[in-house]
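Trainee: With this note's numbering as the guide, the letters of the sequence shown map in order to residues 66 to 486.
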Amino acid sequence: MTISFSSFASSVTVETAFTVLAIAKRLIANGKDVIELEIGDSPFPTPQRVVDAGVQAIQAGNTHYGPSLGLTEFRAAAADYVRREYGLEVQAENVVAGPGAKNFEQLFCEAFLNPGDGVLVFSPHFPTYVPNIDRRGARAVLSSLKQANEFRPNLEEVEQFIREDPSPRAIFLNSPHNPTGGITLQEDLEGLAELIRDTNIAVLSDEPYDRMVWSGEHRSLAAIPGMLDRTVAAYTFSKSFSMSGWRLGFAVSSPAIIEMLGKLTNSALSCVAPFTQLAGVAAMQEACDERDRQMEEFRHKVVRLVERLNRVEGITCLVPGGSFYAFPSVAPICNRLGITSQGLAIYLLEGADEDRGVACLGGESFGEAGAGFLRLSCAEPDERLAEAVTFMADAFGRTDRVEKFLEDRSEFRLAKPYDLD
Ligand SMILES: Cc1ncc(COP(=O)(O)O)c(C=O)c1O
Numbered sequence: 066m067t068i069s070f071s072s073f074a075s076s077v078t079v080e081t082a083f084t085v086l087a088i089a090k091r092l093i094a095n096g097k098d099v100i101e102l103e104i105g106d107s108p109f110p111t112p113q114r115v116v117d118a119g120v121q122a123i124q125a126g127n128t129h130y131g132p133s134l135g136l137t138e139f140r141a142a143a144a145d146y147v148r149r150e151y152g153l154e155v156q157a158e159n160v161v162a163g164p165g166a167k168n169f170e171q172l173f174c175e176a177f178l179n180p181g182d183g184v185l186v187f188s189p190h191f192p193t194y195v196p197n198i199d200r201r202g203a204r205a206v207l208s209s210l211k212q213a214n215e216f217r218p219n220l221e222e223v224e225q226f227i228r229e230d231p232s233p234r235a236i237f238l239n240s241p242h243n244p245t246g247g248i249t250l251q252e253d254l255e256g257l258a259e260l261i262r263d264t265n266i267a268v269l270s271d272e273p274y275d276r277m278v279w280s281g282e283h284r285s286l287a288a289i290p291g292m293l294d295r296t297v298a299a300y301t302f303s304k305s306f307s308m309s310g311w312r313l314g315f316a317v318s319s320p321a322i323i324e325m326l327g328k329l330t331n332s333a334l335s336c337v338a339p340f341t342q343l344a345g346v347a348a349m350q351e352a353c354d355e356r357d358r359q360m361e362e363f364r365h366k367v368v369r370l371v372e373r374l375n376r377v378e379g380i381t382c383l384v385p386g387g388s389f390y391a392f393p394s395v396a397p398i399c400n401r402l403g404i405t406s407q408g409l410a411i412y413l414l415e416g417a418d419e420d421r422g423v424a425c426l427g428g429e430s431f432g433e434a435g436a437g438f439l440r441l442s443c444a445e446p447d448e449r450l451a452e453a454v455t456f457m458a459d460a461f462g463r464t465d466r467v468e469k470f471l472e473d474r475s476e477f478r479l480a481k482p483y484d485l486d
């Protein structure tokens, strides 16, 4: 008898970025020139000071188990960091270490959700939110983010969720937002705080792009009076300090919630590697200048990329309030060519040209609300970003190639034109 998987495992969905990355790498290995705008990783090396601190920590023997909550010096340094940067009134006891920010999606769901509970997710959304909600047998309730509203959360829909859902238990908030680049403004956070203050609703405030805010300043729900007791704010070293492969992040919340997240960390992964945490301490204390230089480069790249995209007929792209993603609407192009945005992304990579391709993601990778959009990260050098846009404009004009592509890949034919509102 063939062994069977659980119903959760059988239906689990994964981050499409990694699937497209694998296709891009295969094409590159076969000699294709692929401009890679699919993955949300930093092109910069980890700052040398941080690498040195990690190596020294290994050499000094920090290579054994450590506390599940994290090393005391790491927790204290992280508390100092968010106090300094965002005015969060927190100490070491408000911090738990994690292997990046993603793991807190799972732990947050384990901490607060029972089967059948409702979780409001603003969509398009980061693809691993829903599998982590499903893992607990809870329900994701989607609220659409609109380009016309600069992809800010719709508080009327939050109110409706609280009023009408049979068991409203949590909200996933993500600012700066992946994939749209939208940011949640202080007035949005204050409105949200008022709505949930007297409820049993907990919030995962996913903040991996906290250093990539291009308009105004980064704000966290956890900084609003009374919100720390119901908010888990998740931070990562992946983006700000170019440390995605080190797997390091932390969460900030009330001491009681942090104790619970520590228990759940213990049951799932024991602890985060101590030498990685010590590298993180060096990052927060000694690498902020380098971080800020890199962030400034990202700002220029993303602004230039958006300017170029907006010169292409059929594209409308907002300058993101934060993050290193451009999220252009390509709906008129898809309607003209009769292709879905997911199909358009695959066409740019595989079908538009034999020798060259652009790897990016169709907005559907982030839920149906993303249909009609593409997501492009700006990790490549500037001249490659410029080449990518020229290539795209040209590829959109080659209707013969699009038709040939759709003959082979009919699943990407657009059944019904996208709304152009
Ligand atoms: C919205 C969002 N949350 C979480 C993560 C996970 O980051 P980490 O590498 O810290 O696990 C990412 C990474 O791309 C992200 O975009």
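Note that CB positions come from ideal geometry on N, CA and C, so glycine has one too.
#1: So what's G428 in DSSP terms, helix, strand or just coil?
#2: Just checking S303 against ligand 3 - is the residue's beta carbon closer than 7 Å to any of the ligand's heavy atoms?
#3: For a quick check, are the C-beta atoms of F237 and V186 less than 8 Å apart?
#4: Quickly, what does DSSP pair S394 with across the bridge? List them, please.
#5: Between P273 and ligand 1, is the CB less than 7 Å from at least one heavy atom?
#6: Going by other Cβ atoms of all chains shown within 10 Å of its Cβ, with 16 needed for buried, is A82 buried or exposed?
#7: Tell me where the alpha helix (DSSP H) around T67 begins and ends.
#8: May I ask you to verify whether the segment 403-423 touches the segment 97-106, counting CB pairs closer than 8 Å and requiring at least 3?
#9: Looking at A166 and ligand 1, is the gap between the Cβ and the nearest heavy atom below 7 Å?
#10: Please confirm whether G246 and P385 have their CB atoms less than 8 Å apart.
#11: Enumerate, from N- to C-terminal direction, the unbroken beta strand (DSSP E) stretches of 3 or more residues contained entirely within the segment 88-122.
#12: Helix, strand or coil: how does DSSP classify G152 here?
#13: According to the neighbour-count rule (16 or more other Cβ atoms, all chains shown, within 10 Å of its Cβ), is A87 buried or exposed?
#14: Is it the case that the Cβ atoms of G432 and S188 are separated by a distance below 8 Å?
#15: Do you know how far the Cα of A118 is from the Cα of Q124?
#16: Based on the DSSP output, what are the partners of T301 in its beta bridges?
#17: Could you spell out where the beta strand (DSSP E) holding V186 opens and where it closes?
#18: Expressed to the nearest angstrom, what Euclidean distance is found between the alpha-carbon atoms of E175 and G327?
#19: Short of 6 Å in beta carbon distance, which residues of its chain neighbour N197, apart from the five on each side in sequence? Order them along the chain.
#20: Is it true that the segment 198-215 meets the segment 138-154, where meeting means three or more beta-carbon pairs spaced less than 8 Å apart?
#21: Could you tell me the distance, in whole angstroms, from the CA atom of A235 to the CA atom of V268?
#22: Could you give the first and the last residue of the continuous beta strand (DSSP E) run that contains F191?
#23: Given 7 Å as the limit, tell me if N239 has its C-beta closer than that to any heavy atom belonging to ligand 1.
#24: Please list the terminal residues of the continuous alpha helix (DSSP H) segment that includes R234.
#25: Please list, in chain order, all residues of the same chain as N375 whose beta carbon is under 6 Å from its beta carbon, the five residues on each side excluded.
#26: Do E378 and R114 have their C-beta atoms closer together than 8 Å?
#27: Taking the CB atoms as reference points, tell me whether F315 and G131 lie closer together than 8 Å.
#28: DSSP on G256, reduced to helix/strand/coil?
#29: Is the CB-CB distance between F477 and I398 below 8 Å?
#30: May I ask you to list the residues that DSSP assigns as paired with V278?
Mentor: A quick look at the data gives this:
#1: In the structure shown, the three-state DSSP call for G428 is helix.
#2: No copy of ligand 3 appears in this structure; the ligands present are ligand 1.
#3: Taking 8 Å as the cut-off, the beta carbon of F237 is found closer than this to the beta carbon of V186.
#4: Answer is T381 and F438, bridged to S394.
#5: Yes, the beta carbon of P273 sits closer than 7 Å to at least one heavy atom of ligand 1.
#6: Under this definition A82 is a buried residue.
#7: Counting along the chain, T67 falls outside any alpha helix (DSSP H), and DSSP gives it neither H nor E.
#8: Yes, since at least three Cβ pairs between the segment 403-423 and the segment 97-106 fall closer than 8 Å, the two stretches touch.
#9: Within the cutoff, so yes.
#10: It is a contact, given that the beta carbons lie within the stated cut-off.
#11: For the segment 88-122, whole beta strand (DSSP E) runs of length 3 or above, ordered along the chain, are 98-101.
#12: The three-state secondary structure of G152, taken from DSSP, is coil.
#13: So A87 counts as exposed.
#14: Their beta carbons are under 8 Å apart, which means G432 touches S188 by this criterion.
#15: In this structure, the CA atom of Q124 is about 10 Å from the CA atom of A118.
#16: Bridge partners of T301: G314.
#17: Run containing V186: G183 to S188, per the beta strand (DSSP E) assignment.
#18: Computed Cα separation, rounded: 12 Å.
#19: Excluding positions up to five away in sequence, the list reads E170, Q171 and C174.
#20: Fewer than three pairs of CB atoms, one per stretch, sit closer than 8 Å, so the segment 198-215 makes no contact with the segment 138-154.
#21: Rounded to the nearest angstrom, the two C-alpha atoms are 6 Å apart.
#22: That residue, F191, is in no beta strand (DSSP E); it is neither H nor E in DSSP.
#23: Yes, the Cβ of N239 comes within 7 Å of a heavy atom of ligand 1.
#24: Run containing R234: none in the alpha helix (DSSP H); it sits in the beta strand (DSSP E), P233 to N239.
#25: Within the same chain, Cβ atoms closer than 6 Å to the Cβ of N375 are found at C382, the five residues on either side in sequence being excluded.
#26: No, these two residues do not count as a Cβ contact at 8 Å.
#27: No, the Cβ-Cβ distance between F315 and G131 is not below 8 Å.
#28: DSSP, read as helix, strand or coil, puts G256 in helix.
#29: Going by C-beta atoms, F477 is not nearer than 8 Å to I398.
#30: According to DSSP, V278 bridges with G387.
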